[in-house]
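Sequential numbering from 245 applies to the sequence shown in the numbering used here.
Note that beta-carbon positions come from the ideal geometry of N, C-alpha and C, so glycine has one too.
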Amino acid sequence: MFTGCSTYSRYHRAEIPTENLYRTLPAGIDTVTIASMSWREMFTDRKLQSLIETGIKQNTDLNVARLRVEAAEAALITAKLSYLPSLGINAEGGGSRYDGTTAKTYNVGASTSWELDIFGRLTAAKRGAVAALQGSRDYQQAVQTQLVATIADSYYTLSMLDTQMAINNRTLENWRATVRTLEALKKVGKANEAGVLQAKANVMQLESSQLAIRKSISETENALSAILAMPSHSIERNNLTEASFPDTISIGIPLQLLSNRPDVRQAEMELAQAFYATNVARAAFYPNITLSGTLGWTNNGGGVITNPGQWLLNVIGSLTQPLFNRSVNIANLNIAKSRQEEAKLLFRQALLNAGKEVNDALAVWQTAKSQIEIGERRVSVLNDAVRKTELLMCHSGATYLEVLTTQQSLLEAETLQSQAYFERIQSIIKLYHALGGDRS
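Here it is as structure tokens:
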């Protein structure tokens, strides 16, 4: 008859609408989620895979998360043991002397106590511990997903910086050649000192940019080494243009975020914990029924010098009704209900935040894809423009300012193109993270 009591009720997922969680999906998006892919399938670069494997093994935050799971497992075992009776054993002995006669007594006893879970207090506590364990596992998965995304982002940041360094080096050689050309033209009266000085200043600007890029590379390598729990060292990587990802991005339906994204699952498990904490608070209004008993043996039957030995058995039941704690129990129940509503709001917000991150990543992916297509055409046009203005300058058909302007425009276009490639890769990494990553 007690199974229908509200303190025995199980947590059921709250009804939270997810139909409009994603905005209108761009072309190239289907409904098979990339969250079902392992990170090895998502990131196929062998050098990157090696870094991720090292991070999963050695990262400090992830190892701390693993320890939290172990602690939650121990707490669940404790909650399960509360169903079993407690057992205690004691033994004592003594001696006395009367009229020249020595008497010795021995007592050996065992006691037990067992709380009957008629009103569901222990069941609610155990289910709360189960939810806490699942929440800690979800937290561990969230840390791992964030770790994989951070390592991948740092890796491709280094590749992007390498690309920008290569662009700078190539441009620097061209601009130094322009300086030599202007100096030669100056000797024959076809260029002036101002043009030569401007060209030299541009070369110095590029040399300064090289130093800034080297600094960024060093800082990124140091940060990635710390994430891997290793001393700072040089990171091996491939070229940015060698990065391979699917042209079609699959994100899944919004409801899958509830089961794929670990921080959303963790928020739901916190809601489940709050639900069971409310059940525990409700159970406090009901009496605790405890069976206890003792069983012992003594050799003292009542006389000082007698030693017949006898067994003693005592079994009692106790019922404790919390009559004087009603006000406290009401307050505790109201607190538990408030925390449950708070957890429900946080769960809903976690889902909305997840949807926002997916939408943001999709917008970046679509924009970067278009920017790459436009950038390729722009770089091609500017390369042609640089060649033609340099030829015209040598034949007095163009000024040094036109040459410097087209060279500067080409440098800017190539730099923006490398950033567009990187942003496209970043958007895929962010989608992987926003959709929860894999559970491998």
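For the alpha helix (DSSP H) containing residue i, list its first residue and its last residue.
{"i": "M448", "result": "437–471"}
{"i": "T650", "result": "644–678"}
{"i": "L292", "result": "290–302"}
{"i": "M286", "result": "283–286"}
Looking only at its chain, what residues have a beta carbon closer than 6 angstroms to the beta carbon of residue i, apart from the 5 residues adjacent to it on each side?
{"i": "L405", "result": "I457, S460, I461"}
{"i": "A487", "result": "I669"}
{"i": "Y665", "result": "L484"}
{"i": "A445", "result": "none"}
{"i": "I616", "result": "A664"}
Buried or exposed for residue i, please, with buried defined as at least 16 other CB atoms from any protein chain shown within 10 angstroms of its CB.
{"i": "H639", "result": "exposed"}
{"i": "T650", "result": "buried"}
{"i": "Q661", "result": "buried"}
{"i": "T407", "result": "buried"}
{"i": "R481", "result": "buried"}
{"i": "R631", "result": "exposed"}
{"i": "E451", "result": "exposed"}
{"i": "R621", "result": "exposed"}
{"i": "S582", "result": "exposed"}
{"i": "G433", "result": "exposed"}
{"i": "R414", "result": "exposed"}
{"i": "L577", "result": "buried"}
{"i": "S403", "result": "buried"}
{"i": "S706", "result": "What the structure shows of the chain is the stretch from 245 to 684, and residue 706 is not part of that stretch, so it cannot be assessed."}
{"i": "L377", "result": "buried"}
{"i": "L426", "result": "buried"}
Pull up the CB-CB distance for residue i and residue j, whole angstroms please, since I reckon it's below 8 angstroms.
{"i": "A657", "j": "L626", "result": "5 angstroms"}
{"i": "A435", "j": "Y644", "result": "6 angstroms"}
Whole angstroms is fine: what's the gap from residue i's alpha carbon to residue j's?
{"i": "Q584", "j": "E601", "result": "26 angstroms"}
{"i": "T401", "j": "T464", "result": "8 angstroms"}
{"i": "T485", "j": "R668", "result": "12 angstroms"}
{"i": "T298", "j": "M474", "result": "9 angstroms"}
{"i": "L306", "j": "G379", "result": "15 angstroms"}
{"i": "N573", "j": "T522", "result": "11 angstroms"}
{"i": "M409", "j": "M281", "result": "33 angstroms"}
{"i": "T294", "j": "K301", "result": "Note that residue 294 corresponds to Ser in the displayed sequence, not to Thr. In a straight line, the C-alpha of S294 is about 11 angstroms away from that of K301."}
{"i": "A605", "j": "K674", "result": "6 angstroms"}
{"i": "L685", "j": "I411", "result": "As displayed, the chain neither begins before 245 nor continues past 684, which places residue 685 out of reach and without an answer."}
{"i": "L472", "j": "L596", "result": "31 angstroms"}
{"i": "E437", "j": "T304", "result": "59 angstroms"}
{"i": "S624", "j": "A443", "result": "23 angstroms"}
{"i": "V440", "j": "D628", "result": "23 angstroms"}
{"i": "I618", "j": "K588", "result": "46 angstroms"}
{"i": "S571", "j": "M513", "result": "29 angstroms"}
{"i": "Q663", "j": "L455", "result": "19 angstroms"}
{"i": "R284", "j": "A318", "result": "32 angstroms"}
{"i": "S478", "j": "A396", "result": "16 angstroms"}
{"i": "L590", "j": "M286", "result": "30 angstroms"}
{"i": "T633", "j": "E646", "result": "7 angstroms"}
{"i": "A518", "j": "A373", "result": "11 angstroms"}
{"i": "R592", "j": "T659", "result": "41 angstroms"}
{"i": "A575", "j": "A315", "result": "30 angstroms"}
{"i": "S614", "j": "N603", "result": "17 angstroms"}
{"i": "A608", "j": "R381", "result": "Sequence check: residue 608 is Val here, not Ala. Whole-angstrom Cα-Cα distance: 31 angstroms."}
Within a Cβ cutoff of 7 angstroms, which residues of the same chain sit near residue i, ignoring the five residues on either side of it in sequence?
{"i": "G547", "result": "Interpretation of G547 is limited by its pLDDT of 44, a score under 50 that renders its predicted location unreliable; no figure is taken from the coordinates."}
{"i": "T389", "result": "P506, H677, G680, G681"}
{"i": "V447", "result": "L416, W419, R420, V423"}
{"i": "A309", "result": "Y383, Q384, V387"}
{"i": "S476", "result": "E465, N466, S469"}
{"i": "A594", "result": "D507, V508, A511"}
{"i": "T394", "result": "I471"}
{"i": "S653", "result": "L626"}
{"i": "L648", "result": "Q442, A443, N446"}
{"i": "V392", "result": "W283, I296, G681"}
By Cβ distance below 8 angstroms, which residues in the same chain neighbour residue i in space, the five residues on each side in sequence not counted?
{"i": "T288", "result": "S488"}
{"i": "K430", "result": "N436, E437, G439, V440"}
{"i": "K291", "result": "Y399, E480, R481, N482"}
{"i": "E586", "result": "A518"}
Residue i CB to nearest chain C CB: under 8 angstroms?
{"i": "V625", "result": "The chain inventory of the structure shown lacks chain C, comprising one protein chain alone."}
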